[in-house]
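Have a look at the structure below before the remarks.
Protein chains: 2
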Amino acid sequence: MIKKSSLERIIGDDLAELWNALTPDEKRIIAENFHYERYKKNQIIYAESETPENLYCLLEGKVKLFKSGIGDRVQILRLYRPVQYFGYRAYFAREPYVSSAAAFEPSVLGIIPMKIVEEIIRKNNNLALFFIHELSRNLGGADTKIINLTQKHIRGRLAEALLLLADNYGYEGDGATLKIYMSREDLANLSNMTTSNAIRTLTSFVSEKLILVDGRRIRIVNEPQLRKISKFG
Amino acid sequence: MIKKSSLERIIGDDLAELWNALTPDEKRIIAENFHYERYKKNQIIYAESETPENLYCLLEGKVKLFKSGIGDRVQILRLYRPVQYFGYRAYFAREPYVSSAAAFEPSVLGIIPMKIVEEIIRKNNNLALFFIHELSRNLGGADTKIINLTQKHIRGRLAEALLLLADNYGYEGDGATLKIYMSREDLANLSNMTTSNAIRTLTSFVSEKLILVDGRRIRIVNEPQLRKISKFG
DNA sequence: GTAAATTTGTGTTATAAAACATATAAATCC
DNA sequence: GGATTTATATGTTTTATAACACAAATTTAC
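Sequences listed follow chains A and B, in order. Numbered by the numbering used here, the letters in the first sequence go through residues 1 to 233 in order. Numbered by the numbering used here, the letters in the second sequence go through residues 1001 to 1233 in order.
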């Protein structure tokens, strides 16, 4: 179990964006109802069709939101990094989860019951506006994703995915190596293609000197060209 | 111009869900800043990349939200019926529109500046929760649409689209004819396929006695089987 | 009311991507 | 630390769907 002082630091520092919207009294309520949990690599946080009950705040690690479709096919819908919130959409929609969440790597999550969050929203409009803003941006992203996944060819979709990873998780110290360690299968699930085609297309990108690959480490070498490929499908 | 009494009826009756969330004072503010506009068939209401300024409330007619992609391909993202609200997502996200809206048929829209709406949201949590709920349901729908459009085959996607039209706009008096008059091209844009393939697949469905077609009038004859086709791709 | 434009319908061809097959490499497990 | 599972890699075949082509029907415009 984490120390109380450490907990307060996490709440104070890391929940920043949401935290700042709160009154002292509301902060106390959140602090009292807050706990955190560690998740192992690939551990499921919640699964499709379950009833949403908590707001999750990713404090450390990386999380994927994904949905199982036809056969064994899986689509990764969104990626989360510290400090981002998830798990609230289904609760607000008053429906079971339509997607699942899992840790990409060992992660630490802050957990707050949605009931508490909802009570505070009913009194605090800044918090309400925070969620309105988050949901609105997510919905715009989903609409754009629909076009990317349905209209672009394999090369465009994979280029898009690599740039998304760069935007989301950034680069290592060298300014080029993606700061995420991801299987080819996950990469395929992110870009709506089979694992074979993700591997094959990655190989093409290497031979075209757009990227460099060392196992799961991917270095972006020619980002402008990758953007061009992403843009024109 | 519409008569004042008529305007009040429209506001009072048709804006119901949103209207009920308001205090008398807020109702007055909305009424003072409300106007309505008629749109012709296929007329654009707003276009991608424009700056969002208004909340639109569809009072009469049908509206499609669509996004242009690669080449001339268009994807219909969402459909609206009276009384539904749209146009607010991009404003809340603080970004230009990522999609366009157009009338499917002659339509009447209620228009309220988002600035006014936002001011009221800052004071009225019920209104905030209304938008949180709407956005959350839309986002869940978009996530599900991603799976439908990327993983199902043509037949599954078209069956899905026909059922969506039934759910959204319902049936004529006969309880079977879709209450929407839509071109094959729109049907194709809704189900992510070429117009040729929409026509062809529609023909297959007719010969399988799942539907009956008379020009743009579509009768759903075997809904359970259509659901099966939609479900299994 | 007739000409022009658009939409619908259908056949044929081309192609992108999945499916399948199999080998090698790497990671995980007793 | 050797065995077993899992992930990566690549070649081949199959298939779903787009692209193309054109005729007929319908709608729109003047």
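Beta carbons: idealized from backbone N, C-alpha and C, even for Gly. Just so we're clear, the structure is a prediction, and the values are computed from it rather than from any experiment.
Quiz prompt | CA-to-CA distance, residue 1091(B) to residue 189(A), given in whole angstroms | solution = When the Cα atoms are used, residue 189(A) and residue 1091(B) turn out to be separated by approximately 31 angstroms.
Self-check item: Separation of residue 1079(B) from residue 211(A), as counted between CA atoms
Solution: Per the coordinates, the alpha-carbon of residue 211(A) lies some 41 angstroms from the alpha-carbon of residue 1079(B).
Quiz item: Between residue 1092(B) and chain A, is there a C-beta pair that is closer than 7 angstroms?
Solution: Interface flag for residue 1092(B) against chain A is set, since a Cβ pair is found closer than 7 angstroms.
Quiz item: Are the stretch 1142-1150 of chain B and the stretch 1104-1118 of chain B touching by the rule of at least three beta carbon pairs closer than 8 angstroms?
Solution: A contact between stretches requires three or more CB pairs, one per stretch, nearer than 8 angstroms, and the stretch 1142-1150 of chain B fails this requirement with the stretch 1104-1118 of chain B.
Practice problem: Could you tell me the distance, in whole angstroms, from the CA atom of residue 70(A) to the CA atom of residue 1070(B)? | Solution: Looking at the two C-alpha atoms, the distance is approximately 26 angstroms.
Quiz item: Between the stretch 1094-1105 of chain B and the stretch 1038-1053 of chain B, do at least 3 Cβ pairs fall closer than 8 angstroms?
Solution: With the cut-off at 8 angstroms, the stretch 1094-1105 of chain B and the stretch 1038-1053 of chain B touch.
Quiz item: Are the C-beta atoms of residue 144(A) and some chain B residue less than 7 angstroms apart?
Solution: For residue 144(A), the answer is yes, since a Cβ of chain B falls inside 7 angstroms of its Cβ.
Practice problem: Spell out whether any CB of chain B is found under 7 angstroms from the CB atom of residue 2(A). | Solution: Annotation note: pLDDT 47 at residue 2(A) (below 50); position unreliable, coordinate value reported separately. Residue contact with chain B for residue 2(A): absent (no Cβ-Cβ distance below 7 angstroms to any residue of chain B).
Quiz prompt | Within chain A, the residues that residue 1135(B) reaches when beta carbons sit closer than 7 angstroms | solution = Within 7 angstroms Cβ-Cβ: 132, 135, 136, 139.
Quiz item: How many Å lie between residue 1068(B) and residue 1192(B) at the Cα?
Solution: Looking at the two C-alpha atoms, the distance is approximately 12 angstroms.
Quiz prompt | Min CB distance residue 99(A) to chain B below 7 angstroms | solution = Under the 7 angstroms criterion on CB atoms, residue 99(A) is classed as interfacial with respect to chain B.
Exercise. Check whether the Cβ atoms of residue 1219(B) and residue 1150(B) sit closer than 7 angstroms, and answer yes or no.
Key: No, the Cβ-Cβ distance between residue 1219(B) and residue 1150(B) is not below 7 angstroms.
Exercise. Measure from the C-beta of residue 54(A) to each C-beta in chain B and report whether the shortest distance is under 7 angstroms.
Key: Not one chain B Cβ lies under 7 angstroms of residue 54(A).
Quiz item: Using the C-alpha atoms, what's the distance from residue 87(A) back to residue 1164(B)?
Solution: Here the alpha carbon of residue 1164(B) sits roughly 26 angstroms from the alpha carbon of residue 87(A).
Quiz item: For residue 21(A), which residues from the same chain have a beta carbon less than 6 angstroms from its beta carbon, with the 5 sequence-adjacent residues on both sides left out?
Solution: Here the set comprises 126, 127, 130.
Quiz item: Quick one: Cα of residue 1075(B) to Cα of residue 1121(B), how far?
Solution: Rounded to whole angstroms, residue 1075(B) to residue 1121(B) spans 32 angstroms at the Cα level.
Exercise. Would you tell me roughly how many angstroms separate the C-alpha atoms of residue 27(A) and residue 112(A), rounded to the nearest one?
Key: Near 12 angstroms, if we compare the C-alpha coordinates of residue 112(A) and residue 27(A).
Self-check item: Start-to-end residues for the alpha helix (DSSP H) that takes in residue 138(A)
Solution: Per DSSP, residue 138(A) belongs to the alpha helix (DSSP H) from 125-151.
Self-check item: Among 83(A), 147(A), 214(A), 194(A), nearest to residue 110(A) - alpha-carbon criterion
Solution: Looking at the Cα atoms, 83(A) is the closest of the given residues.
Quiz item: Between which two residues does the beta strand (DSSP E) harbouring residue 46(A) extend?
Solution: Taken as a continuous stretch (DSSP letters only), the beta strand (DSSP E) holding residue 46(A) covers 44-46.
Quiz item: Near residue 161(A), which residues of its chain fall below 7 angstroms by C-beta distance, leaving aside the five closest residues on each side in sequence?
Solution: Within the same chain, Cβ atoms closer than 7 angstroms to the Cβ of residue 161(A) are found at 187, 190, 191, the five residues on either side in sequence being excluded.
Exercise. In the DSSP assignment, find the beta strand (DSSP E) that holds residue 54(A) and state where it starts and stops.
Key: Taken as a continuous stretch (DSSP letters only), the beta strand (DSSP E) holding residue 54(A) covers 54-60.
Quiz item: Cα-Cα, which of 1038(B), 1017(B), 1146(B) is closest to residue 1106(B)?
Solution: Among 1038(B), 1017(B), 1146(B), the Cα nearest to that of residue 1106(B) belongs to 1038(B).
Quiz item: Does any residue of chain B bring its CB to less than 7 angstroms from the CB of residue 112(A)?
Solution: For residue 112(A), no Cβ of chain B is located within less than 7 angstroms of the residue's own Cβ.
Practice problem: Compile a chain-ordered list of the residues in the stretch 1066-1078 of chain B whose CB is closer than 9 angstroms to at least one CB of chain A. | Solution: For the stretch 1066-1078 of chain B, which is checked against every Cβ of chain A, the residues closer than 9 angstroms are 1067, 1068, 1069, 1070, 1071, 1073, 1075, 1077, 1078.
Practice problem: Give the secondary structure of residue 1030(B) by DSSP, where H, G and I count as helix, E and B as strand, and everything else as coil. | Solution: Looking at residue 1030(B) - three-state DSSP - the assignment turns out to be helix.
Quiz prompt | Spatial neighbours of residue 1136(B) in its chain, beta-carbon cut-off 6 angstroms, leaving aside the 5 residues before and after | solution = Hits under 6 angstroms: none found.
Practice problem: Check each candidate in 1099(B), 1180(B), 1225(B), 1019(B) and name the one with the smallest Cα separation from residue 1066(B). | Solution: Per the C-alpha coordinates, the member of 1099(B), 1180(B), 1225(B), 1019(B) positioned closest to residue 1066(B) is 1099(B).
Quiz item: Going by the CB atoms, is the gap between residue 1108(B) and residue 1036(B) shorter than 7 angstroms?
Solution: Their beta carbons are under 7 angstroms apart, which means residue 1036(B) touches residue 1108(B) by this criterion.
Quiz prompt | Limits of the unbroken beta strand (DSSP E) element including residue 86(A) | solution = Its beta strand (DSSP E) spans residues 84-86.
Practice problem: Within 10 angstroms of the Cβ of residue 185(A), are there 16 or more other Cβ atoms? Answer buried if so, exposed if not. | Solution: So residue 185(A) ends up on the exposed side.
Quiz item: Which same chain residues, not among the five before or five after residue 1158(B), have their C-beta less than 8 angstroms away from its C-beta?
Solution: Closer than 8 angstroms at Cβ, skipping near neighbours: 1187, 1191, 1193, 1198, 1201, 1202, 1205.
Quiz item: Which first and last residues belong to the alpha helix (DSSP H) in which residue 224(A) is found?
Solution: Segment 223-231, the alpha helix (DSSP H) holding residue 224(A).
Practice problem: Using alpha carbons as the reference points, say which of 171(A), 64(A), 85(A), 167(A) lies closest to residue 19(A). | Solution: When only C-alpha atoms are compared, the closest one is 85(A).
Quiz prompt | Contact set between the stretch 145-159 of chain A and chain B, restricted to residues whose Cβ is under 7 angstroms from the partner | solution = Taken in chain order, the members of the stretch 145-159 of chain A whose beta-carbon sits within less than 7 angstroms of a beta-carbon on chain B are 145, 146, 147, 149, 150, 151, 152.
Quiz item: Over what stretch of residues does the beta strand (DSSP E) that includes residue 156(A) continue unbroken?
Solution: Counted as a single uninterrupted DSSP element, the stretch harbouring residue 156(A) is not any beta strand (DSSP E) but the alpha helix (DSSP H) occupying residues 154-169.
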